[in-house]
Each structure stands twice: as C-alpha cells, then as structure tokens.
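Novice: If you read the sequence shown in our numbering, its first letter stands for residue 5, the second for the next number, and so on.
Cβ coordinates follow ideal geometry from the N, Cα and C atoms, glycine included.
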Amino acid sequence: MRTDSTKYTGFTGWIDPPEDVRPALDGDLTCDIAVIGGGMGGMAAALRLAERDQDVVLLEAEFCGYGSASRNGGQIAGAPGGDLRMLSLQSPRKMPVMARLAEHVGRYVEDLIKTHDIDCDYVANGLVWGAVSPLMMLRVRTQAAILRAFGGGGTVGSREELGLPAGFVGGMRESIGGMLNPGKLARGVRRALLASSARVFERTRVSDVRRTGGIVEITTPHGTVRAGKVLLATSVYGGEWDITPKNLATPLYVIEIESEPIAPERLAALDWTSRSGIITQHQLMTHYRLTERNTIVCGVRKAQRGQTYPLPDRVPDPGVVRDMGKDLAHRFPSLSDVAVERAWGGWIGISPDWLSVAGQVGDNVFYAMACNGHGLCQVPYVTHQLADYIVDGEMSEDLAGIWSDAPKYPASMSLLLQPFVLRAVWGLDRFNDFFNGSRTRARRALRRGRRGGS
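1. Closest by CA to H226, which one among F435, G31, V425 and T13?
2. Determine the contact status of E221 and R230, defining contact as a CB-CB distance below 7 Å.
3. On the premise that L256 lies in contact with I352, defined as a C-beta separation below 8 Å, what is that separation, rounded to the nearest angstrom?
4. Starting from Q364, trace the beta strand (DSSP E) both ways and give me its first and last residue.
5. Whole angstroms is fine: what's the gap from V61's alpha carbon to G42's?
6. First and last residue of the beta strand (DSSP E) that includes E260?
7. Please state whether the Cβ-Cβ distance between E206 and E64 is less than 7 Å.
8. My output table needs one value for S458: the three-state DSSP class, helix, strand or coil.
9. With 16 other CB atoms within 10 Å as the buried threshold, where does V425 fall?
10. What is the DSSP secondary structure of W276, reduced to helix, strand or coil?
11. So, at 8 Å on beta carbons, what are the nonlocal neighbours of R297 in its own chain, with the 5 sequence-adjacent residues on each side left out?
12. Is the beta carbon of Q350 less than 7 Å from the beta carbon of G71?
13. Output yes or no for whether 7 Å exceeds the beta carbon distance between S200 and A54.
14. I want to know whether the region 164-183 touches the region 19-26 - three or more CB-CB distances under 8 Å.
15. Around the Cβ of Y313, are there at least 16 other Cβ atoms within 10 angstroms (buried) or fewer (exposed)?
16. Return the CA-CA distance between S458 and W276, expressed in angstroms with no decimal places.
17. State the DSSP-derived secondary structure class of H226, mapped to helix, strand or coil.
18. Contact between the region 73-82 and the region 368-386 is defined here as three or more beta-carbon pairs at a separation below 8 Å; is this criterion met?
19. Using CA coordinates, which residue listed in L294, M5, R145 and E178 is at the minimum distance from G77?
20. For the structure I just gave you, are there three or more beta carbon pairs, one from the region 137-156 and one from the region 175-187, closer than 8 Å?
21. Any idea if A90 is buried or exposed, counting beta-carbon neighbours within 10 angstroms, 16 or more meaning buried?
22. What are the boundary residues of the beta strand (DSSP E) that includes F205?
23. Assuming contact is defined by CB atoms lying nearer than 7 Å, are L359 and K98 in contact in what I supplied?
24. Taking only three categories from DSSP, how would you classify W18?
25. Would you mind giving the Cβ-Cβ distance between V14 and V132, rounded to the nearest angstrom? I have them listed as a contact below 8 Å.
26. Quick test of your reading: T290 and D331, contact by CB under 8 Å. State the CB separation rounded to the nearest angstrom.
27. Quick one: residues in its chain with C-beta nearer than 6 Å to the C-beta of Y12, no 5 flanking neighbours on either side, listed in chain order?
28. Are the beta-carbon atoms of K233 and I406 separated by less than 7 Å?
29. Locate the alpha helix (DSSP H) running through P418, then write down its first and last residues.
30. Please classify H291: does DSSP put it in a helix, a strand, or coil?
31. Answer with buried or exposed for G323, where buried requires no fewer than 16 other C-beta atoms within 10 angstroms of its C-beta.
32. So R52 and V344 are in contact, right, with Cβ under 8 Å, and what is the actual spacing, rounded?
Put into structure tokens, the structure is as follows:
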C-alpha cells in the first residue's frame, strides 16, 4: 500500500481533539481522593467515585482520552491476551481469574455504553484469533483448548465458518466483545465525567507524587493537590515518579495505520462477511479491522521499546509504517493500490507478567496496570472495581484475583523486551510468514475469487 501521502500524528485518527478542554490547575487545593491520568482507567475511576459521592479530583496532562484510550484498534476482547501457552505455565493460578475477568470486562463496557448513551459504532460481532497458515491454526486450537480449561469460551472454525477474508485459514471467535470507535467511546466517557461532580483539570502535568505524613502531595506546574488517597491510572507514565512500584510497566511504542476509504464493492470482494476484528497469532500480533467509514485499520506488528523517562513525544516511524502498509498489501492483495491515509501511535505499558495487575503502596496510594496492548475494556473495569474498594474497603473477587502489595516487581519483563529481542521476534514472524506461504495463500485466494467472478 502507498504511504507517500500518509498523515502522521501522536494523537489518534479516530476522532478530532475536543473543543472544550478544561483549564489547567491554577493554585492549591485539597480533596479526599485524587485520580492521576485521564485515560479510560482514570475517567472510569473518577466517574465511579463521583457516583459514590466522593470528593474526587482528576488530573490529566493533555485532555481526557488523549492517550491509548482513544488511539488503539478499538477491539473489545472477551478473553485474555498474549500467548496462553506461556501464560498458563508462568501464572497458572492467575489464569482462571483472567479468563473470568476478561468475560466480565466486555459486559462492563457494553453496560457503560448503554448507561451513558455513548454512540461509538459498537458492533458485538466478537474478536477473532486469526490464523494465516495451517501451522498457525494448530496454535489457535491449542490456545482455545487452554482457554476452555481455564473456564473461558470461544468458537473454533474455518475461514468460511467464521466469515473471515480470503487468505486466512480459520481461527477462534471469542464469545464476548466486538469492535467500536475508541475515540468516540473515550469522548462519551469524558462527557459523562465532566457532567459529574468530579473536579477535572486538563493540561495539568504531574511532576511529582509524594507522601507527607498521612497526606499525598501531587505537584503540578501551577499548583499542588493534597489528597487523602491517590489512584495512579497513568499506564506507563507512572514510571516517572519514585512512588510508583519499580518495574510496574515496561514502555513500548505501538502504531496504528488506517487506509483511505475503499469502495464498498471492493470490500465486499474480500469475503469478510462477519466484519469481525482479527488478531493474528504471530509472536508480535497484528490486528486488522473494518470500520464504519469503509477503511481498514491495522496495528502493532512491530513494537519499539522506550528506554528512559520521561518518555519522548513522537510520531510513527515512516519506515515502520511502510512495513505495515506492505503487510496489508500482502494480506489483502486486491487492495495493494490503496493508500495508507493516516498513521498514529503512542506509548503503552506492559505489566510484569503480561496480565492485569492492581495494588497499593502503603495505606493511601493505589494503582492499576490492566492493558498490555490487548484488552481496551480491562482498564476501566479494573479501575471501577478499584474505586469501589477505595470507598468500601471490600474487594471484589475479580480484583482480589489480580491484587498485589508488592513495592516493586522483578525486572524480567524489562529485560525480556529489549530492542534487539523485539527485532529478533519481528524477524522470526516474517521468517515464518515466508515459509508457511501465507502471502502466497492470500494471492491464490485472490486469483480464485477473480476466476469465480468472471
């Protein structure tokens, strides 16, 4: 696919920035509970605390919904992400919890959409773990069996049975979830938050978080917040402060690209009848989805590691975007002449065990790391549960299953996700693609389609 006229941004291609950005904090104030971070997690927590009649302040460095809340692929998962074979060996006790939690989070986001009347183009058509070769299909079946063993569910089937585009062999459709416009979802939650009793300050970057006696002091450029309790809903950005547990998040920069609008008859020729979003079973997954505006969005494929804090502001690497465009052309050969219209990207955090985690530091600092590039809805669900725990002191079963009081975490994920390792894994995926014939298979499917239509 052509990338010569691609527009690059660090925000998102799903939606324009809001026109009603709230003023920054100017002066000092006190509150019972402060939430740092205005992504889906921070907004859901602050909204829930306001619903519970708590005196809550939310601080966001840009504007609510600026980060990964609105710039991801917009696919609602109903099963844990990652390689379940590895995770079942690494965290066998946590896997049943994650399988149950993954199903609950999909329902939670569906209820959130209904409760606040959010128009975000949600289609409950499941998310598919897609296979581009018979060998990858074997991996899908293995992963599906592990998921069932831990209490999860899904439907394994061929390409035709699941309504996947030509060039895929088959896959597993998750029992819950679907796809939506994440920018519209985040904007709808932001609208509900601003209408609540929560005090929201945007354009307010937090420079430090420290305990002083029984109070937590939050420092910003033009004022200080003194709070009885604090919830860190900052994903990867909490690594800038000493109070955040060490190694809680390993930073990765990920990219999404979107094609130009494609003629409906050309999309119909792909035979993507289910319109379900697809996540491949590569080591570094690639996802594909159709949108309401007749485009294809593709993401991740080649993650890049962040090394130091503060994390730099950046836009997607044109070289990576060209590689992603080439992959789209390989996966959908009939669309090889289509242009990549836009590319956006940003930082995400990978948790210590690649699974959701929540916990607290001392008596009054709470945190959550619930999305690892797969699981948009896990973030608001976990922080919603965390908000109730902060108020009631009673922990739900789902929250208890991912809870930790660790003041720091092992550096294993940070050591594993080194740049040279990520490059090697990317190379292994491309090597397997070449030898398993997935590109050739997609072209053969295209030729069969042309013969059938002639």
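Specialist: With the structure as the only source:
1. In the sequence shown, the residue the question calls residue 226 occupies position 222. Taking H226 as reference, the option from F435, G31, V425 and T13 with the minimal CA-CA separation is G31.
2. Within the sequence shown, residue 221 is the residue found at index 217, counting from 1. Within the sequence shown, residue 230 is the residue found at index 226, counting from 1. Yes. Within cutoff.
3. As a first step, residue 352 must be located in the sequence shown, where it is residue number 348. As a first step, residue 256 must be located in the sequence shown, where it is residue number 252. I352 to L256, Cβ: 6 Å. Contact.
4. Taking the first residue of the sequence shown as 1, we reach residue 364 at position 360. First-last of the beta strand (DSSP E) with Q364: V361 to V365.
5. Along the sequence shown, one-based indexing puts residue 61 at 57. Along the sequence shown, one-based indexing puts residue 42 at 38. For V61 and G42, the distance between alpha carbons rounds to 11 Å.
6. For the purposes of this step, residue 260 is taken as the residue at position 256 of the sequence shown. Note, E260: beta strand (DSSP E), T254 to S263.
7. Taking the sequence shown and counting its residues from 1, the one referred to as residue 206 is at position 202. Taking the sequence shown and counting its residues from 1, the one referred to as residue 64 is at position 60. Closer than 7 Å, so yes.
8. As a position in the sequence shown, residue 458 is number 454, starting the count at 1. With a pLDDT of 45 at S458, under the threshold of 50, the modelled position of that residue is not reliable, and the figure given next carries that caveat. Correct three-state label for S458: coil.
9. In the sequence shown, the residue the question calls residue 425 occupies position 421. In the assembly as shown, V425 is an exposed residue. Its beta-carbon has fewer than 16 other beta-carbons within 10 Å.
10. Here residue 276 corresponds to residue number 272 of the sequence shown, with the count starting at 1. In the structure shown, W276 falls within a coil segment according to DSSP collapsed to helix, strand and coil.
11. On the sequence shown, residue 297 is found 293 positions in, with the first residue counted as 1. Short of 8 Å from the beta carbon of R297, and not among the five residues preceding or following it, lie these beta carbons of its own chain, in chain order: P265.
12. As a working note, residue 350 is residue 346 in the sequence shown. As a working note, residue 71 is residue 67 in the sequence shown. In the sequence under discussion, the amino acid at residue 350 is Gly, which differs from the Gln named in the question. It is a contact, given that the beta carbons lie within the stated cut-off.
13. Position 196 of the sequence shown, counted from the first residue, corresponds to residue 200. Position 50 of the sequence shown, counted from the first residue, corresponds to residue 54. Contact flag set, yes.
14. The region 164-183 is not in contact with the region 19-26.
15. Here the question's residue 313 lines up with position 309 in the sequence shown. Here Y313 is exposed. Its C-beta has fewer than 16 other C-beta atoms within 10 Å.
16. The residue you call residue 458 lines up with position 454 of the sequence shown. The residue you call residue 276 lines up with position 272 of the sequence shown. Note that S458 has pLDDT 45, beneath the 50 cutoff, so the model's placement of it is unreliable and no number is given.
17. Start at 1 with the first residue of the sequence shown, and residue 226 comes out as number 222. Three-state result, H226: coil.
18. Between the region 73-82 and the region 368-386 there are three or more inter-stretch CB-CB distances shorter than 8 Å, so the stretches are counted as touching.
19. For this step, residue 77 is matched to residue 73 along the sequence shown. Taking only the C-alpha atoms, the option nearest G77 is L294.
20. The region 137-156 is in contact with the region 175-187.
21. Along the sequence shown, one-based indexing puts residue 90 at 86. The question names Ala, yet the displayed sequence has Met at residue 90. So M90 ends up on the exposed side.
22. Stepping through the sequence shown from its first residue, residue 205 is reached at position 201. It spans R203 to F205 - the beta strand (DSSP E) in which F205 sits, taken as one unbroken run.
23. Locating residue 359 in the sequence shown gives position 355, where the first residue counts as 1. Locating residue 98 in the sequence shown gives position 94, where the first residue counts as 1. With respect to the 7 Å criterion, L359 and K98 are classified as neighbours on the basis of their beta carbons.
24. The count along the sequence shown starts at 1 and reaches residue 18 at position 14. Correct three-state label for W18: coil.
25. For the purposes of this step, residue 14 is taken as residue 10 along the sequence shown, with counting starting at 1. For the purposes of this step, residue 132 is taken as residue 128 along the sequence shown, with counting starting at 1. Note that residue 14 is Gly in the sequence shown, not Val. G14 to V132, Cβ: 29 Å. No contact.
26. One-based indexing of the sequence shown puts residue 290 at position 286. One-based indexing of the sequence shown puts residue 331 at position 327. Right, the Cβ-Cβ distance comes to about 7 Å (below 8 Å), so this counts as a contact.
27. In the sequence shown, counting from the first residue as 1, residue 12 sits at position 8. Within the same chain, V319, P320 and A347 come within 6 Å of Y12 by CB-CB distance, once the 5 residues on both sides are set aside.
28. One-based indexing of the sequence shown puts residue 233 at position 229. One-based indexing of the sequence shown puts residue 406 at position 402. Result no, Cβ atoms of K233 and I406 do not sit closer than 7 Å.
29. Here the question's residue 418 lines up with position 414 in the sequence shown. The residue asked about is misnamed: residue 418 is Ser in this sequence, not Pro. S418 -> alpha helix (DSSP H) spans S416 to L420.
30. Position 287 of the sequence shown holds residue 291. In this structure, DSSP gives H291 an extended state, which the three-state scheme calls strand.
31. Working through the sequence shown from its first residue, we reach residue 323 at position 319. It is exposed - the Cβ of G323 has fewer than 16 other Cβ atoms within 10 Å.
32. For the purposes of this step, residue 52 is taken as the residue at position 48 of the sequence shown. For the purposes of this step, residue 344 is taken as the residue at position 340 of the sequence shown. About 38 Å separates the Cβ atoms of R52 and V344, ruling out a contact at the 8 Å cut-off.
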